[in-house]
Amino acid sequence: MSTPQLSEQEQVRRQSLEEIRKLGIDPYPAAMYPVNTTAAEILAGFSDTEDKFPEVCLAGRIMSRRIMGNASFAELMDSSGRIQIYVRRDDLCPGEDKTLYNTLFKKLLDIGDIIGVRGFAFRTQMGEITVHVKELTLLSKSLRPLPIVKEKDGVMYDAVTDPEMRYRQRYVDLIINPEVREVFRKRTLVMRSMRELFDSRSYLEVETPVLQAIPGGAAARPFVTHHNALDIPLYLRIADELYLKRLIVGGYDGVYEFAKDFRNEGMDRMHNPEFTVLEIYVAYKDYNWMMEFTEEIMSKVAMDLHGTTKVPLGDNIIEYAGPYRRVSMTDAIKEYAGIDITGMSEDDLRHECDRMGIGHSPSMGAGKLIDLIFGEKCEHHFIQPTFIIDYPQETSPLTKKHRSRAGLTERFELMVNGKEVANAYSELNDPIDQLERFHEQMRLSQKGDDEAMFIDMDFVRALEYGMPPTSGMGIGIDRLTMFMTNQQSIQDVLFFPQMRPEGQKPL
RNA sequence: CGGUCUGUAGCUCAGCUGGCAGAGCAGCUGACUCUUAAUCAGCGGGUCCAGGGUUCGAGUCCCUGCAGACCGACCA
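Structure (structure tokens):
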């Protein structure tokens with residue numbers, strides 16, 4: 014292992030560590046610390062007329078220090094926020110020995126160290142609620158200087174904005190940027206809000222395989238790995254759809270899973286190789302029911318996060334209260350591309366793409382071309398939540414044929430801010446039709462479509478035993494979180510977004 | 001994969017037509033018992049992303065590479 018050159022400040026901190034040990038103080042004590050409150054609790058509950066916090070014990074990280082001879086102020090940050098502490102020499106060291114204040118607190122502690130304090134809350138002459146410290150315990154010595162961010166009147170000074178630092182060292186980002194912690198708290202709330210709704214209906218949260226011998230349920234390039242004992246290739250799942258439907262066959266009326274899916278494709282502001290999808294399947298429902306349920310989910314999530322269904326996103330306010338507009342794929346293309354694709358052949362569609370300057374390849378069939386026109390000309394217009402319904406059969410191999418419109422399927426996607434956030438079907442449960450659709454995918458694959466679906470014969474076998482009419486939906490949790498927290502990049506809603514490994518740079 | 005931009009102290013950044021490497025915060029020493037971007041006096045701290053080239057001389061100009069951001073392409 015190479016020994017990277019330590020900076021001056023790192024060397025000083027290591028020396029301090031040794032001196033702390035020489036004082037007989039353990040810089041990394043094992044014993045639990047008896048925290049009995051938080052910064053936020055004190056700030057919220059403090060009263061000038063009654064002594065509500067005569068004995069507090071809290072712990073956190075030193076974020077700033079103002080040392081003035083024999084008394085000092087510092088800011089302590091715990092998971093709830095920051096509070097000022099007041100440390101006076103003669104309170105910390107009532108006896109003759111002033112080492113704890115003069116040496117430990119003033120010299121050997123640094124910004125970033127984690128300490129515990131015991132004392133009482135009071136209000137300073139300047140009006141700030143503060144903890145007067147009677148007893149101080151070092152809980153963890155920090156050896157690496159933290160980026161210093163100062164703030165006055167809401168203005169941040171020297172804020173760390175370098176995305177590389179923020180994403181590679183997310184722990185630092187979380188320490189110094191409280192609004193980042195809030196985004197991730199909201200991400201958890203999004204999932205909790207959905208769980209509450211599903212559980213209230215007695216739908217069952219389940220787990221299905223991440224390692225799959227046949228990567229099914231979506232059209233995407235998978236990651237491949239190898240299982241040594243079985244000596245077979247295994248794929249990281251691109252979707253959990255086919256397993257969840259097997260469970261509907263097995264007799265559950267409603268199942269859902271928050272799944273990490275993996276796709277070996279491009280990375281950009283909207284895509285990360287691993288991402289989270291909620292999939293839910295409910296027996297005896299169709300896609301019309303699912304649209305109403307989706308409206309209920311979205312407005313509940315918005316309410317739980319913001320207390321309103323109106324959520325700001327970029328320059329817009331998104332209204333998540335239903336009902337949402339429903340536009341068929343055909344009408345959307347009529348409206349924004351100005352053409353009627355009804356009854357058009359593959360050649361006609363290819364011709365229209367050429368006319369509109371949309372690039373396409375020979376391996377694309379009619380359905381893919383329609384998808385392309387929609388993506389190019391229509392998608393970005395749908396800012397407010399809108400259901401795009403009735404997709405072509407060719408690109409929807411797991412979807413039931415439309416009950417009344419030939420060549421189309423009972424499928425919808427929910428568009429928000431010009432992007433897809435949900436995708437749902439009346440699930441195809443006719444095993445003979447399903448097998449035929451898989452074969453159609455095979456033909457597309459042979460034509461050069463490298464993300465056409467694999468045939469999963471066990472899934473067909475399951476359908477042969479009989480699956481009730483079912484509606485299913487997937488929601489992109491990362492994207493939904495972006496929209497609900499007004500973030501413009503998927504990297505801002507993933508704790509640890511995928512990045513190129515760090516090179517030879519010394520850490 | 002292509003275009004544009006960026007990389008200098010722990011952090012945020014300056015450094016002009018090439019001429020001794022800079023500031024604020026942070027750190028260190030000292031003063032200060034109600035400060036809050038604390039203040040005051042003093043002091044240290046650099047592989048200027050890496051490698052090569054041009055030049056008497058390169059942080060600065062040129063080439064290659066590495067890493068990142070943005071925009072496209074591919075891709076849900």
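Numbering (this note's numbering), first residue to last: 14 to 520.
From the three backbone atoms N, C-alpha and C, an ideal C-beta is built for every residue, glycine too.
Could you check whether residue j and residue i sit closer than 9 Å to each other, using their CB atoms as the reference points?
| i | j | result |
| --- | --- | --- |
| P481 | N442 | yes |
| E287 | L257 | no |
| A53 | S93 | yes |
| M90 | R74 | yes |
| F569 | F271 | The chain is shown from 14 up to 520; residue 569 falls before or after that span and cannot be answered. |
| V146 | G132 | yes |
| V196 | D505 | yes |
| P444 | L421 | no |
| L19 | V48 | no |
| A315 | T307 | no |
| E389 | M369 | yes |
| R102 | K111 | yes |
| R282 | Q501 | yes |
Here's a check: name, in chain order, each residue in its chain whose Cβ is nearer than 6 Å to the Cβ of residue i, leaving out the five neighbours to either side.
| i | result |
| --- | --- |
| P222 | none |
| K460 | S376 |
| Q517 | Caution is warranted here: a pLDDT of 42 is assigned to Q517, below 50, making its placement in the model unreliable, and no coordinate value can be reported. |
| P176 | none |
| L3 | Past the boundaries of the shown model lies residue 3; the chain is included only from 14 to 520, so the question cannot be answered. |
| P510 | Y180, N285 and Q504 |
| P228 | P235, Y248 and I251 |
| T494 | R200, V203 and V506 |
| Y404 | M342, T422 and R424 |
| Y265 | L217 |
As a quick exercise: from the options, pick the residue whose alpha carbon is nearest that of residue i.
| i | options | result |
| --- | --- | --- |
| F387 | E423, G378, K414 and M342 | M342 |
| V295 | M311, H319 and E254 | E254 |
| G267 | K432, L121, A465 and S215 | S215 |
| A87 | A43, L249, K111 and L122 | L122 |
| Y65 | W302, L476, R136 and F400 | In the sequence on display, residue 65 carries Lys and not Tyr. Comparing Cα-Cα distances from K65 to each of W302, L476, R136 and F400, the minimum goes to R136. |
| H240 | M495, A226 and E109 | A226 |
| A233 | F467, E365, M512 and V193 | F467 |
| D462 | E440, V262 and K381 | K381 |
| M486 | M303, M455 and T289 | M303 |
| P40 | Q28, T50 and A134 | Q28 |
| N329 | K273, H373, V429 and V219 | V429 |
| F508 | S60, Q24, R183 and E23 | R183 |
| V262 | Y478, E23, Y114 and T112 | Y478 |
| I96 | L105, G370, A57 and D281 | A57 |
| I230 | R450, M495, T322 and I371 | The residue you asked about is not Ile; residue 230 is Gly in the sequence shown. The residue with the shortest Cα to Cα distance from G230 is R450. |
| R157 | L362, V25, G370 and Q406 | V25 |
| I124 | G108, P160, L113 and T116 | P160 |
| F472 | Q447, L105, E423 and A379 | Q447 |
| N106 | M76, I346, L385 and E148 | In the sequence on display, residue 106 carries Cys and not Asn. It is E148. |
| I140 | F59, M76, M207 and E109 | Here residue 140 is Gly; the residue named in the question, Ile, does not match the sequence. Here the closest residue by C-alpha is F59. |
| T62 | E32, E21, A134 and N115 | A134 |
| I33 | E109, E21, Y114 and A44 | Y114 |
Looking only at its own chain, which residues have a Cβ that is under 8 Å from the Cβ of residue i, when we skip the five neighbours before and after it?
| i | result |
| --- | --- |
| E164 | Y170 |
| K119 | I80 and S85 |
| D186 | V173, M178, R179, Y180 and V193 |
| L523 | Residue 523 cannot be examined here, being either before or after the span of the chain that is shown, 14 to 520. |
| E23 | L156, R157 and P158 |
Assuming residue i contacts residue j under a Cβ cut-off of 8 Å, what Cβ separation, rounded to an integer in Å, is found between them?
| i | j | result |
| --- | --- | --- |
| N499 | L326 | 5 Å |
| I503 | N277 | About 16 Å; that fails the 8 Å criterion. |
| L249 | L224 | 7 Å |
| F395 | G351 | Between G351 and F395 the Cβ distance is about 17 Å, and since that is not below 8 Å, they are no contact. |
| V144 | I98 | 5 Å |
| Y333 | V324 | 6 Å |
| T408 | Y438 | Going by Cβ atoms, the distance from T408 to Y438 rounds to 12 Å, so no, they are not a contact pair. |
| S484 | E440 | 6 Å |
| R427 | F400 | Rather than Arg, the amino acid found at residue 427 in this sequence is Leu. Between F400 and L427 the Cβ distance is about 6 Å, and since that is below 8 Å, they are a contact. |
| E218 | Y269 | 6 Å |
| V162 | I189 | 5 Å |
Could you name the residues of the same chain whose beta carbon sits closer than 7 Å to that of residue i, not counting the 5 residues immediately before and after it, in chain order?
| i | result |
| --- | --- |
| M204 | F271 and I490 |
Is residue i a contact residue of the ligand MN, with contact defined as CB to any heavy atom under 8 Å?
| i | result |
| --- | --- |
| R250 | By its list of ligands, the structure shown contains no ligand whatsoever, and the ligand MN lies outside what it can speak to. |
Using 8 Å as the cut-off, can you tell me whether the segment 148 to 162 makes contact with the segment 125 to 136, which would need three or more C-beta pairs spanning the two stretches below that distance?
They touch, by the three-pair rule.
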